[in-house]
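**Q**
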Amino acid sequence: MEKVIKAGLAAVLLLCLLKMPYGYYQLVRFVSMMGFGYLAYAASQRKEGNFVFVYLSLAILFQPFFKIALGRTVWNIVDVAVALFLTVSLFRQNMVDEKK
2 MEKVIKAGLA AVLLLCLLKM PYGYYQLVRF VSMMGFGYLA YAASQRKEGN
52 FVFVYLSLAI LFQPFFKIAL GRTVWNIVDV AVALFLTVSL FRQNMVDEKK
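Residues 2 to 101 in the working numbering are what the sequence shown spells out, letter by letter.
#1: Quick check on Arg47: does DSSP put it in helix, strand or coil?
#2: Under 8 Å, with one C-beta from each stretch per pair, do the stretch 54 to 66 and the stretch 33 to 42 reach the 3-pair mark?
#3: Per DSSP, what kind of secondary structure is Leu40 in: helix, strand or coil?
#4: Using the C-alpha atoms, what's the distance from Val83 back to Gly72?
#5: Let's test the definition: count the other Cβ atoms within 10 Å of the Cβ of Ala44 and tell me whether it reaches 16, buried, or not, exposed.
#6: Going by C-alpha to C-alpha distance, which of Ala12, Ala11 and Leu28 sits closest to Pro65?
#7: What separation, rounded to the nearest whole angstrom, lies between the Cα atoms of Leu15 and Glu49?
#8: Inspect the beta-carbon positions of Leu91 and Lys7 and report whether they are closer than 7 Å.
#9: Decide if Ala70 is buried, meaning its Cβ has at least 16 other Cβ atoms within 10 Å, or exposed.
#10: Given that a residue counts as buried once 16 or more other Cβ atoms are within 10 Å of its Cβ, and exposed if not, what is Tyr56?
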């Protein structure tokens, strides 16, 4: 389940680089908050405190209720950085799973 969430979040964040309707960005904020919240919970179950902090921070950053105004350029950089983080995390998780 975590792999699907990470891949899905990376994809929707990269789609934010395109010119999309404002409603898409609102949906991305909500979906991202929920996805990062789940990833934080899953990391806490595995006792990975650093990842819990990272995922909770990302959930707060993307939450749709009290929007953080960073400007389109900065948000694009954040979206790409987070998508790269999720992709690297996904490959890292696959390598660990293969060793088991």
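Every residue gets a Cβ at the ideal spot worked out from N, C-alpha and C, and that includes glycine. Predicted model only: the values in this text are computed from it and were never measured.
**A** Reading from the atomic positions:
#1: The answer is coil: DSSP assigns Arg47 none of H, G, I, E or B.
#2: When C-beta atoms of the stretch 54 to 66 are compared with those of the stretch 33 to 42, three or more pairs fall below 8 Å, so the two segments count as touching.
#3: Three-state result, Leu40: helix.
#4: Computed Cα separation, rounded: 16 Å.
#5: Residue environment for Ala44: buried (at least 16 other C-beta atoms within 10 angstroms of its C-beta).
#6: When only C-alpha atoms are compared, the closest one is Leu28.
#7: C-alpha separation (whole angstroms): 26 Å.
#8: Against a cut-off of 7 Å, the Cβ pair of Lys7 and Leu91 comes out as a contact.
#9: In summary, Ala70 is exposed, with fewer than 16 beta-carbon neighbours lying within 10 Å of its beta-carbon over all protein chains present.
#10: By the neighbour-count definition (other C-beta atoms within 10 Å, threshold 16), Tyr56 is a buried residue.
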